[in-house]
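*Asks:* Residue numbers (this note's numbering): 3 to 376. Using N, Cα and C, we set each Cβ at its ideal position, and we do this for glycine too. On a predicted model such as this, the values are computed, not experimentally measured, just so you know.
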Amino acid sequence: MDPYRARRGLRAGGTVLNLARPRPRKAGGSPRTSFRRGNLRPLDRLRSIKAKLGVLVIASVFVSTLLIILGLRAEVRFRYMLVFTSLACLAVTLVLAHGMTSPLREMTAAARAMARGDYSRRVRATSRDEVGQLATAFNRMAADLEAVDRHRRELVANVSHELRTPISALHAVLENMVDGVQKPDPDTLGLALTQTARLGRLVSQLLDLSRLDSGAVPLHAREFAVQPFLSALATETGAAALGSDVRFRVDVSPPELTALADPERLHQVVTNLVANACRHSPSGGTVSLYARRDEGPGSLRLEVQDEGPGIPHGERGRVFERFTRGGESSSADGGTGLGLAIARWAVDLHGGDISVAESSHGCRIRVLLPGDSA
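(1) Could you tell me the alpha carbon to alpha carbon distance between residue 303 and residue 207, rounded to whole angstroms?
(2) So within the segment 86-139, which uninterrupted beta strand (DSSP E) runs reach at least 3 residues, ignoring any that extend past its ends?
(3) Quick one: what does DSSP say residue 225 is sitting in, helix, strand or coil?
(4) Assign residue 168 to buried or exposed, taking buried as 16 or more other Cβ atoms, counted over all protein chains shown, within 10 Å of its Cβ.
(5) Evaluate residue 273 with the Cβ neighbour count: other Cβ atoms within 10 Å of its Cβ, from every protein chain shown; 16 or more gives buried, anything less gives exposed.
(6) Residue 238 by DSSP, collapsed to three states: which one?
(7) Here's the rule: buried if 16 or more other CB atoms are within 10 angstroms of the residue's CB, otherwise exposed. What is residue 52?
(8) Using CA atoms only, rank isn't needed, just tell me which of 358, 225, 202, 98 is closest to residue 320.
(9) Just to confirm the assignment, what range does the beta strand (DSSP E) spanning residue 253 have?
(10) Any idea what DSSP makes of residue 330, helix, strand or coil?
(11) Under the DSSP definition of a beta bridge, which residues are partnered with residue 82?
(12) Span of the alpha helix (DSSP H) holding residue 267?
(13) Let me check one thing: in DSSP terms, what residues is residue 290 bridge-paired to?
(14) Quick one: Cα of residue 255 to Cα of residue 294, how far?
(15) Compute the Euclidean distance between the alpha carbons of residue 97 and residue 69, then round it to the nearest angstrom.
(16) My guess is that residue 109 and residue 137 are in contact by the Cβ rule of under 8 Å, so how many angstroms apart are they, rounded?
(17) Can you name, in chain order, every residue of its own chain whose Cβ lies under 6 Å from the Cβ of residue 200, other than the five neighbours on each side?
(18) Counting Cβ pairs closer than 8 Å, one from the segment 360-371 and one from the segment 260-279, do we hit at least three?
(19) Can you tell me whether residue 75 is helix, strand or coil according to DSSP?
(20) Using alpha carbons as the reference points, say which of 55, 322, 249, 341 lies closest to residue 269.
(21) So, with DSSP's three-state summary, where would you put residue 313?
(22) Give the single residue among 363, 362, 372 whose Cα lies nearest to the Cα of residue 356.
(23) Among the residues of its own chain, which have a CB less than 8 Å from the CB of residue 99, if the five just before and after it don't count?
(24) Between 107, 147, 105, 194, which lies nearest to residue 117 when the distance is taken from Cα to Cα?
Written as structure tokens, this is what we have:
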């Protein structure tokens, strides 16, 4: 996904308005390069390749002139002097040019390593000229590719685990019914239905991820009542929640509050937030949904509060990144680490903002949607 996201306001019907500053890039930052004297090559301090070529020419001319003067004083024959001068100029050129082209050779070797699947190779980017800038950009690209490859491996591992668990449980239930060990009573069928619902959620997340990567998702904003929307969603999500004993509380003020947004995308946001809150809530805990008017007509401030352990300050900036799975409960219950990333994507489509708000207990996720900002 493009890391630069435009913040946008909406009119009814999905018209995009008010392009504003993009979201800064968070992942795949460039590796820092230290300019230690011991690591510098000849001419590394020069900031232009033109200056280096000029130094190369001047050095060759200086060596040639010096050898010619010495040869004339020593009365060396001209043909010998020409040979010695040519060899000396060639040696000086090779020494200086070797340092200038060394990053290019390293980039070639690193590119070949990347073609074999090794993204850990880096180029020693000590030069400050155009070649050094290219080496720095190459290292940044290598780091990004390494992160993408690592995320791909994590996704395959997570999805494999997520698929294996419900499929194994569903297979066991159906096999027991076929063998006559269990009767197809409501409890048994309910267990099978729970596993198929879990598979459905995983497929839905993967489809959302593909839409997220494509970046071509239409937004159909319309005005709707928030109270019935959240109440129905809480009932629906609670029936399929990981912890069925978690209670839900919906607080909408004023009760007739309306919002201008895409109901389907907002459904994605709240579903992922509520599922995440249920996963981290203790047995018998309460998940609260608060909705208020934010600034501007059709705007919405939505908060989801749980009674779990909360999110440490140092990890709050990472929870909305892909494949981030926090806490032991996430590992135990599975989860692909995509839910909050998909929620952020859907909020960004509205030109809104999602963040971890301060809370005295548990975790509180705040969503701000601008509505009609015109």
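*Replies:* Result, derived from the coordinates:
(1) 24 Å
(2) none
(3) strand
(4) buried
(5) buried
(6) helix
(7) exposed
(8) 358
(9) 249-254
(10) Model confidence at residue 330 stands at a pLDDT of 47, short of 50, so the residue's coordinates are unreliable and nothing is read from them.
(11) In DSSP, residue 82 forms no bridge with anything.
(12) 265-282
(13) 251, 307
(14) 6 Å
(15) 18 Å
(16) 7 Å
(17) 168
(18) yes
(19) helix
(20) 341
(21) coil
(22) 372
(23) 58
(24) 147
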